[in-house]
Amino acid sequence: MADQAAPPAIPARITAEIAGNRLELIESGVERFNLLLELIAGAQSSIKMLMYMFNPDKDGDAVRNALTEAAGRGVDVKLLIDGFGSAATPQFFADLGEAGGQYCVFNPSWGRRYLLRNHQKLIVIDEKTVLIGGANIDATYLEDRGAKRWRDLWLRLDGPEAGLPARYFDTLFRWSKRPHSRLSSLRRMVAEFNEWRGPLQWKFSGPLSVRNSWWRSIGRDMKTAHRLDMVFAYFAPPGAMLRRIGRIGRRGRARIINAAKSDNNTTIAAARHSYSRLIRRHVEIYEYEPVKLHTKLAIVDDVVHIGSSNFDYRSFYINLEVMLRIKDAAFAEAMRAWFERELKDCRWITPELHARRASLWRRIKWAASHFLVNVIDYTVTRRLNFRA
5 MADQAAPPAI
15 PARITAEIAG
25 NRLELIESGV
35 ERFNLLLELI
45 AGAQSSIKML
55 MYMFNPDKDG
65 DAVRNALTEA
75 AGRGVDVKLL
85 IDGFGSAATP
95 QFFADLGEAG
105 GQYCVFNPSW
115 GRRYLLRNHQ
125 KLIVIDEKTV
135 LIGGANIDAT
145 YLEDRGAKRW
155 RDLWLRLDGP
165 EAGLPARYFD
175 TLFRWSKRPH
185 SRLSSLRRMV
195 AEFNEWRGPL
205 QWKFSGPLSV
215 RNSWWRSIGR
225 DMKTAHRLDM
235 VFAYFAPPGA
245 MLRRIGRIGR
255 RGRARIINAA
265 KSDNNTTIAA
275 ARHSYSRLIR
285 RHVEIYEYEP
295 VKLHTKLAIV
305 DDVVHIGSSN
315 FDYRSFYINL
325 EVMLRIKDAA
335 FAEAMRAWFE
345 RELKDCRWIT
355 PELHARRASL
365 WRRIKWAASH
375 FLVNVIDYTV
385 TRRLNFRA
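Residue numbers (this note's numbering): 5 to 392.
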């Protein structure tokens, strides 16, 4: 297993050309940071940034300063962050506003809307380049050394498919700025921007009364699949999804990488609540051990799903999330090779290991954690931090 203090080895780049769009996987935290600053510095017309977490550390300062400089030279800069997830205050962004940039906090009011979170990570430059994935604006997501860093991914897209997320951002930004925006209009907006045709499909999800578009999309892909490889930081899906994973395990091969380390041990315990059920159905479960895991990725036969969504109730039913569905056999095989490399840093949870762990007291904690992470925000359950 790799040295926990060492940065991950970066293999040859994973890229693809699909329907006139170029895709590139960004694995390294430092590479994500440098790429973001480069794109901001090169922006000609617009920067649209949608983030769950934007924190005032050294990397957050650098990104904020770059956005301020871009606004000062006439670029239309709009920033939308989540009020619950971000530690940055309005004062932190004061210079950005003075330079002409626009800054808005997604901060739902009390009532049913209070549970809603903008968990999306979406950056659009000049309506030509998009960055999506799980990584936030925080030094622990944008570095490659240190035990506190997160293992995560961004995907870069250059091409005509950047247009739709740009329009989505503008609509969500307007909704967020209005003081009394209705939840029903947000539901309609999210549904309006989803795509259902073509090799590249944007999937936006939110507080829907029925299953969201990404759930339906990946559910359909899993229905007849024979190969499933998943990496999710937070894994606590409904029973219907567990059944589909189990069926793939029985008719083909299903592998899941979950977190062994986190800043929120409640989420680790919640994931382990489902292990017995999956292992009985021949699903292979692994836990990533070097550092904290934050990746959100699924490879289903020749389809790849990547973005901000976790595999749990909150992401399916409550949070605003963005995923990109990519149907391309070559890209799926490249991502499956990436998955194989990740396995080298994982511990296989064999039936014997799981049985040794699963004492009565632990099973009670796992069940309680599963309930809590599905009804309470991650930042709240983090304070509980049960030992998994």
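Just so you know, even glycine gets a beta-carbon here, dropped at the ideal spot from N, CA and C. What you are looking at is a predicted structure, and each value in this text was computed from that prediction instead of being measured.
- Per DSSP, LYS62 is one residue of the alpha helix (DSSP H) stretching across 62-76.
- Look at the beta carbons and you see the segment 314-331 not touching the segment 276-287: under three pairs across the two are nearer than 8 Å.
- For TRP342, the enclosing alpha helix (DSSP H) covers residues 333-347.
- Between the alpha carbons of LEU246 and ARG257 lies a distance of about 14 Å.
- Of all C-beta pairs linking the segment 59-70 to the segment 164-182, fewer than three are shorter than 8 Å, placing the two stretches out of contact.
- The alpha-carbon of TYR292 is positioned some 16 Å away from that of ASP148.
- Residue environment: TRP219 is assigned as buried (16 or more neighbouring CB atoms within 10 Å of its CB, all protein chains considered).
- Its chain contains ALA70 as the residues whose beta carbon lies nearer than 7 Å to that of ALA45, once the 5 sequence neighbours on both sides are disregarded; these appear in chain order.
- Put simply, the backbone Cα of GLU131 is about 14 Å away from that of ARG26.
- Counting along the chain, ASP233 sits inside the beta strand (DSSP E) bounded by residues 231-236.
- Bounds of the alpha helix (DSSP H) holding THR175 are 167-181.
- Put simply, of VAL81, GLY105 and PHE97 the residue whose alpha carbon is nearest the alpha carbon of ILE129 is VAL81.
- Measuring C-alpha to C-alpha distances from ALA244 to each of GLY33, ALA237, ARG224 and ILE261 identifies ARG224 as the nearest.
- The beta-carbon distance between VAL134 and ALA166, rounded to whole angstroms, is 5 Å. This is short enough to meet the 8 Å contact definition.
- In terms of Cα proximity to ILE261, the closest of ALA274, THR271, PRO241 and PHE236 is PHE236.
- The secondary-structure analysis by DSSP pairs LEU54 across a beta bridge with LEU84 and LEU126.
- DSSP places ASP225 within a helical segment (H, G or I) once states are collapsed to three.
- Just measuring C-alpha positions, the residue of PHE58, ARG121, ARG17 and HIS230 sitting nearest THR93 is PHE58.
- Looking at the DSSP output, HIS309 sits in a beta bridge with ALA302 and ARG329.
- Straight-line spacing of the CA atoms in ASN122 and ILE322 works out to 9 Å.
- Contact annotation: GLY137 and LYS125 have beta-carbon atoms nearer than 8 Å.
- Here SER209 carries a strand assignment [DSSP, helix/strand/coil].
- HIS358 has its alpha-carbon roughly 34 Å from the corresponding atom of SER209.
- For a cut-off of 8 Å, the C-beta gap from ASP63 to LEU146 is around 5 Å, short enough to register as a contact.
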